[in-house]
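For the sequence shown, full-length UniProt numbering gives the first residue as 1, with consecutive numbering after it.
Built from N, CA and C at the ideal position, the CB exists for glycine as well.
Encoded as structure tokens, the structure appears first; notes follow it.
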Amino acid sequence: MLWQLFIIFFKVGLISFGGGYAVITLIQREVSDKGWIGNAEFQEIVSLAGMAPGSIATNTATLIGYSEAGIFGAIAATLGIILPSLMIVILIAAFFLRLQGNRWVRSSFYGLRPIVTGLIIYAAIHFGLSGRTESWLSWSMAGMLLICGGCLLLVMKYKVHPFGVILLSAIAGIVLF
């Protein structure tokens with residue numbers, strides 16, 4: 001079990017470009033295919049992982065590892081998800097000064113941006129609608145879109161500090177939901 005946890009999260013760690021939210025759906029697919037965690041329990045784990053300090057992917061891996069194999073499972077899953085990033089950062093740091101002006105390298109990073117954005121949007125929609133029978137035009141979806149649009153407007157047009165936008169979003173969520 002420890003080896004399985006390590007391997008699954010090592011694979012996730014290898015492709016976790018764009019941060020934890022971009023790989024939440026991959027983690028869910030991997031653990032649900034193994035039959036370890038159901039959809040409702042996974043959502044609870046992700047909610048708890050999002051409230052804890054640190055990367056949501058690392059926190060999710062740690063909580064899943066703990067729920068499946070105790071403290072050693074948590075250690076195996078955490079090592080599995082952070083080792084690929086650590087190895088990649090060390091390799092990139094070794095070669096970055098030589099390659100930072102390379103047109104191919106710059107272009108590939110620009111190419112990754114829309115993919116990461118799409119994965120994050122998919123995760124948000126998947127969790128926002130999971131377990132609901134409401135349509136896209138429901139009041140809750142309209143409220144989420146209103147908050148999202150308002151945040152975008154506040155940050156881009158009025159240059160409101162992101163911390164203030166987060167607080168306003170929390171208040172709006174409490175009022176609307």
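Just to confirm my understanding: we take residue i, look at its own chain, exclude 5 residues before and 5 after, and list those with CB closer than 6 angstroms. What are they?
i    : result
G20  : S55, I56, A57
I7   : none
F42  : Q28
K157 : none
I120 : Y21, A22
G143 : L176
When the distance is taken between beta carbons, is residue j closer than 7 angstroms to residue i?
i           : j    : result
F9          : G111 : no
I147        : A172 : yes
A52         : L5   : no
A22         : V89  : no
V165        : V155 : yes
residue 178 : L2   : Any property of residue 178 remains undetermined from this structure, which presents the chain solely from 1 to 177.
V31         : I71  : no
residue 201 : V105 : Since the displayed the chain opens at 1 and closes at 177, residue 201 lies outside it and no answer follows.
In three-state DSSP terms, what is residue i?
i    : result
Y158 : coil
Q28  : helix
K34  : coil
G111 : helix
W136 : With a pLDDT of 48 at W136, under the threshold of 50, the modelled position of that residue is not reliable, and the figure given next carries that caveat. W136 falls in the coil class under three-state DSSP.
P53  : coil
Q100 : coil
Counting only the same chain and skipping the five closest in sequence on each side, list residues whose C-beta sits under 8 angstroms from that of residue i.
i           : result
residue 196 : Because the chain spans 1 through 177 in this model, residue 196 falls outside it and cannot be assessed.
A170        : none
K34         : Q4, I8
For residue i, which residues of its own chain have a beta-carbon under 7 angstroms away from its beta-carbon, when the five flanking residues on both sides are left out?
i    : result
G13  : G80, I81, I82, L83, P84, S85
P162 : V155
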